[in-house]
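In my numbering, the protein residues as written are 266 to 442.
Backbone N, C-alpha and C fix where the C-beta goes; we use that ideal spot for every residue, glycine too.
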Ligand SMILES: [Zn+2]
């Protein structure tokens, strides 16, 4: 039996959709675009910038180094960033792959299953600013309320990140043990 006009039309439309999906995939891969398509993570990992560079500089540096463009148009490897003045930048959606951990053997697991939040400054030698802590507290409380576990970089990989002053503050405020 020959196919009806409608069946042919549907088949053609399906094929066109498939081609479009493949073309989009190629674009994503070429530009290394990440998209917010992951299950919502349940871990928040804290970092420090380890230097005085602000959001714009680190965003550009990560772009030059590995260039994973987020759905929001940023290349910062962390999902979020808090500047000295307390301003919060959102570079990636929470359920979008990050580029903030290089854990041996399973970097992708960590980058797909955790949200990375970074504070400007070297918090190993200097305390975070009061403005940073105010913003951080709001963020942490919001993540905890959504069932997230709070972690810090040095507890996952051997590194001083996010600095002793931040780790101290996290303990004092009972975000970590
Ligand atoms: Zn770190």
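According to DSSP, residue i sits in a beta bridge with which residue or residues?
{"i": "residue 346", "result": "354, 383"}
{"i": "residue 283", "result": "Answer by DSSP bridge pairing: none, since residue 283 is not bridged."}
{"i": "residue 408", "result": "Per DSSP, none; premise fails for residue 408."}
{"i": "residue 416", "result": "310"}
Beta-carbon within less than 6 angstroms of residue i's beta-carbon, same chain only, minus the 5 sequence neighbours each way: which residues are those?
{"i": "residue 355", "result": "345"}
{"i": "residue 441", "result": "415, 435"}
{"i": "residue 379", "result": "306, 308, 310"}
{"i": "residue 422", "result": "368"}
Between which residues of its own chain and residue i is the CB-CB distance below 8 angstroms, once the five residues before and five after are set aside?
{"i": "residue 358", "result": "301, 335, 336, 337, 344"}
{"i": "residue 388", "result": "313, 427, 428, 429, 430, 431"}
In whole angstroms, what separates the C-alpha of residue i from that of residue j?
{"i": "residue 431", "j": "residue 438", "result": "10 angstroms"}
{"i": "residue 420", "j": "residue 433", "result": "13 angstroms"}
{"i": "residue 385", "j": "residue 286", "result": "39 angstroms"}
{"i": "residue 322", "j": "residue 282", "result": "40 angstroms"}
{"i": "residue 349", "j": "residue 279", "result": "51 angstroms"}
{"i": "residue 290", "j": "residue 299", "result": "11 angstroms"}
{"i": "residue 405", "j": "residue 274", "result": "52 angstroms"}
Restricting to Cα atoms, I'd like to know which of the options is closest to residue i.
{"i": "residue 408", "options": "274, 382, 315", "result": "382"}
{"i": "residue 450", "options": "328, 342, 425", "result": "Any question about residue 450 goes unanswered here, given that the chain covers just 266 to 442."}
{"i": "residue 304", "options": "268, 361, 273", "result": "361"}
{"i": "residue 391", "options": "317, 365, 276", "result": "317"}
{"i": "residue 297", "options": "353, 327, 397, 400", "result": "327"}
How is the alpha helix (DSSP H) around residue i delimited, first residue to last?
{"i": "residue 339", "result": "Here residue 339 belongs to no alpha helix (DSSP H), and DSSP marks it neither H nor E."}
{"i": "residue 422", "result": "That residue, residue 422, is in no alpha helix (DSSP H); it is neither H nor E in DSSP."}
{"i": "residue 430", "result": "429–437"}
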